[in-house]
Amino acid sequence: MIRKKMNRVSRRFDRRFPYLLLLPVLLVMVLIIIFPVLDTARLSFFNASFLKPGLDAPFIGLRNYHEALTKPLFWRSFWNTLKWTSTSIIFQFGLGFLMALLVNQNLFGRNLFRSLFLLPWMLPGALAALMWKWIYHGSIGLLNYVFLKVGIISDVRPWLAQPSTALWAAVLVNIWRGSPFFMIMLLGGLQTIPKDLYEAAEIDGANFVRKFINITVPILRPLIITLFIFGTVGAFNFLDIVLVMTRGGPANHTMILPLYSYLLAFFENRIGYAATISVLMCFILFLFSIVVFNLRKKMVS
936 MIRKKMNRVS RRFDRRFPYL LLLPVLLVMV LIIIFPVLDT ARLSFFNASF LKPGLDAPFI
996 GLRNYHEALT KPLFWRSFWN TLKWTSTSII FQFGLGFLMA LLVNQNLFGR NLFRSLFLLP
1056 WMLPGALAAL MWKWIYHGSI GLLNYVFLKV GIISDVRPWL AQPSTALWAA VLVNIWRGSP
1116 FFMIMLLGGL QTIPKDLYEA AEIDGANFVR KFINITVPIL RPLIITLFIF GTVGAFNFLD
1176 IVLVMTRGGP ANHTMILPLY SYLLAFFENR IGYAATISVL MCFILFLFSI VVFNLRKKMV
1236 S
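Going by the working numbering, the first residue of the sequence shown is number 936, and it counts up by one from there.
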């Protein structure tokens, strides 16, 4: 009888022990992820500021959301963010894949090339933006100097001060800095593909394009989808480059949602309204996640 009770207790403990191991991680997630998100959502219903933080701020309901959704600057920031994110991810992924395919070949000095390709990713975003800000400078910038010497332009151009070029100049810097991340992740995936598959395809007469479409892409599809999700979320929330290079100018043509929220909070002292922008960003990314995961299910099935 005693042995049966002990066995029952032991089985119960074995079932609960994994949850006890997960408890510290769950507590950390609640403290650093769930609680800040919920508190941000709470602040969006208040007219909060640094002078009236937390519970001292007056409750205003959905007024912040109404102001955001009816304000032209929010929608300009939204469309700028879509252009910033989609263009960055497409070219970061494409360039990263090309670099991964290159350094995966058995070439002389490929380890050196891998290290050199990683250098932009190693730089802090603010430092990379400051460096490129000088390159784009209208009068003493390296880009204008090279283009004038080659004959591409006939006069200097203020790349970051022109509405037609400012956003794309910042996007180019983000592509330059973010492509090595995709390269190193895709390179790891390429090195897991058995070489026997490529050799068998070569025997059947498949060229490089056929091998890439029929072998490389299907095997790397889960990794590609994961990188696409993480890269999109990261680019959508990344503000360092635009903050340092243009600070949303000229005339808000490079204003993106994370920068808009940052400026509202720390320069206009509108914590509640900035929290509203952050909540709307989370909602947009949530919808994006649902769409991507549904597409992934259809692709797998």
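Yeah, the Cβ is synthetic: ideal placement off N, Cα and C, and Gly gets one too.
_For a test of the three-state rule: what should DSSP assign to Phe981, helix, strand or coil?_
For the purposes of this step, residue 981 is taken as the residue at position 46 of the sequence shown. It is a strand residue.
_Alpha carbon of Asn1204 to alpha carbon of Ala1035, nearest angstrom_ = Within the sequence shown, the letter at position 269 stands for residue 1204. Within the sequence shown, the letter at position 100 stands for residue 1035. Distance between the alpha carbons of Asn1204 and Ala1035 is about 45 Å.
*Backbone CA spacing between Phe1013 and Val1106 [nearest angstrom]*: Walking along the sequence shown from the start, residue 1013 turns up at place 78. Walking along the sequence shown from the start, residue 1106 turns up at place 171. Approximately 15 Å between the Cα atoms of the pair.
_Is the beta carbon of Leu1121 closer than 9 Å to that of Phe1032?_
Sequence index remark: in the sequence shown, residue 1032 carries index 97 (1-based). Sequence index remark: in the sequence shown, residue 1121 carries index 186 (1-based). The criterion of a C-beta distance shorter than 9 Å is satisfied by Phe1032 and Leu1121.
*Helix, strand or coil for Phe994 per DSSP?*
The residue given as residue 994 occupies position 59 in the sequence shown. Three-state result, Phe994: strand.
_Beta carbon of Phe1163 nearer than 9 Å to that of Phe1028_ = For the purposes of this step, residue 1163 is taken as residue 228 along the sequence shown, with counting starting at 1. For the purposes of this step, residue 1028 is taken as residue 93 along the sequence shown, with counting starting at 1. Their beta carbons are under 9 Å apart, which means Phe1163 touches Phe1028 by this criterion.
*asked:* Would Ile1009 and Tyr1195 qualify as a contact pair, given that the criterion is a beta-carbon distance under 9 Å?
replied: For the purposes of this step, residue 1009 is identified with residue 74 of the sequence shown, where counting begins at 1. For the purposes of this step, residue 1195 is identified with residue 260 of the sequence shown, where counting begins at 1. One point to set straight first is that residue 1009 is Phe, not Ile, in the sequence displayed. Yes, Cβ-Cβ distance for Phe1009 and Tyr1195 is below 9 Å.
_Going by DSSP, what residue range makes up the alpha helix (DSSP H) through Leu1054?_
In the sequence shown, the residue the question calls residue 1054 occupies position 119. Leu1054 -> alpha helix (DSSP H) spans Arg1045 to Met1057.
*Taking Ile995 and Phe981 to be in contact with their CB atoms under 8 Å, please state how far apart those CB atoms are, rounded to whole angstroms.*
Looking up residue 995 in the sequence shown gives position 60. Looking up residue 981 in the sequence shown gives position 46. At roughly 6 Å, the Cβ-Cβ gap stays under 8 Å, so Ile995 and Phe981 are in contact.
*Kindly indicate which three-state DSSP category Leu1174 falls into: helix, strand or coil?*
Residue 1174 sits at position 239 when you count from the first residue of the sequence shown. DSSP places Leu1174 in coil when its eight states are reduced to three.
_Residue environment, Phe952, which counts as buried when at least 16 other CB atoms sit within 10 Å_ = Walking along the sequence shown from the start, residue 952 turns up at place 17. Phe952 is exposed by the Cβ-count criterion.
*asked:* Short of 6 Å in beta carbon distance, which residues of its chain neighbour Gln1097, apart from the five on each side in sequence? Order them along the chain.
replied: Counting from 1 along the sequence shown, the entry for residue 1097 is found at position 162. So no residue of the chain qualifies.
*Report all residues from its chain with a CB closer than 6 Å to the CB of Lys1286; omit the five preceding and five following residues, and keep chain order.*
Residue coverage of the chain in this structure runs from 936 to 1236, which leaves residue 1286 outside it and unanswerable.
*Whole alpha helix (DSSP H) elements within the segment 1108-1185, 4-residue minimum*: You should have 1130-1138, 1143-1146, 1152-1172 and 1175-1180.
*Taking the continuous alpha helix (DSSP H) assigned at Pro1007, which residues delimit it?*
Looking up residue 1007 in the sequence shown gives position 72. It spans Pro1007 to Val1038 - the alpha helix (DSSP H) in which Pro1007 sits, taken as one unbroken run.
*asked:* Counting C-beta neighbours from all protein chains within 10 Å, is the total for Met964 16 or more, i.e. buried, or is it exposed?
replied: Within the sequence shown, residue 964 is the residue found at index 29, counting from 1. By the 10 Å Cβ count, Met964 comes out exposed.
_Assigned exposure category for Trp1019 - 16 Cβ within 10 Å defines buried_ = Taking the first residue of the sequence shown as 1, we reach residue 1019 at position 84. So Trp1019 counts as buried.
_Bounding residues of the alpha helix (DSSP H) (the contiguous stretch that carries Val1085)_ = Within the sequence shown, residue 1085 is the residue found at index 150, counting from 1. Taken as a continuous stretch (DSSP letters only), the alpha helix (DSSP H) holding Val1085 covers Leu1077 to Val1085.
*Note down the Cα distance separating Leu1004 from Leu1158, rounded to an integer number of angstroms.*
Residue mapping note: residue 1004 aligns to position 69 of the sequence shown, counting from 1. Residue mapping note: residue 1158 aligns to position 223 of the sequence shown, counting from 1. Between the alpha carbons of Leu1004 and Leu1158 lies a distance of about 36 Å.
*Val1214: which of Arg1231, Asn1172 and Leu1178 sits nearest, CA to CA?*
Looking up residue 1214 in the sequence shown gives position 279. It is Asn1172.
*Inter-residue CB distance, Ser984 and Ile1160 (contact presumed, cutoff 8 Å)*: Position 49 of the sequence shown holds residue 984. Position 225 of the sequence shown holds residue 1160. Not really, about 41 Å apart at Cβ, beyond 8 Å.
*For Ile968, which three-state DSSP category applies?*
Along the sequence shown, one-based indexing puts residue 968 at 33. Reduced to three states, the DSSP call for Ile968 is helix.
_If the criterion is Cβ atoms closer than 9 Å, does the pair Trp1067 and Ile1075 meet it?_
Against the sequence shown, residue 1067 aligns to sequence position 132. Against the sequence shown, residue 1075 aligns to sequence position 140. For Trp1067 and Ile1075, no; Cβs fall outside 9 Å.
*Would you report the Cα separation of Ile1110 and Ala976, rounded to the nearest angstrom?*
Working through the sequence shown from its first residue, we reach residue 1110 at position 175. Working through the sequence shown from its first residue, we reach residue 976 at position 41. C-alpha separation (whole angstroms): 32 Å.
_Exposed unless 16 or more other CB atoms sit within 10 angstroms - verdict on Met1216_ = The residue given as residue 1216 occupies position 281 in the sequence shown. Answer is buried; the Cβ neighbour count reaches 16.
*With Leu1155 and Gly1123 assumed to form a contact (beta carbons below 8 Å), what rounded beta-carbon distance in angstroms separates them?*
Counted from its first residue, the sequence shown places residue 1155 at position 220. Counted from its first residue, the sequence shown places residue 1123 at position 188. That pair is no contact at about 10 Å.
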